[in-house]
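Step one of this worksheet: look at the structure below.
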Amino acid sequence: MNPLHLLRMTRWVRHPPSPRTVVLVMSVVAICVGLFVVERWIGWPEALTVTPHRGAVRVLP
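Oh and the sequence shown: position 47 is 48 in our numbering, straight run, nothing missing.
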């Protein structure tokens, strides 16, 4: 572990963040975990993919 991480952890222990900041961080983490679970169990919709799995479009002469 990086020594700077230890210094940051000691700063957080001595001066904890406000409850509003904790709620904000936890809600962002919950949203990320929720998206991960939906993607794993249900799957990602094809309409939201960047490259469709149908293949390239060919132009015939």
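Every residue gets a Cβ at the ideal spot worked out from N, C-alpha and C, and that includes glycine. Values in this document were obtained by computation on a predicted structure and should not be read as measured data.
Local conformation of residue i per DSSP, three classes
i: W108; result: Since the first and last residues shown for the chain are 2 and 62, residue 108 lies out of range.
i: V34; result: helix
i: A20; result: Per the sequence presented here, residue 20 reads as Pro, with Ala not at that position. Three-state result, P20: helix.
i: V26; result: helix
i: V51; result: coil
Residue i - containing alpha helix (DSSP H), residue span
i: M10; result: P4 to R15
Close-in-space but distant-in-sequence residues of the same chain around residue i (CB under 6 angstroms, 5 per side omitted)
i: V39; result: none
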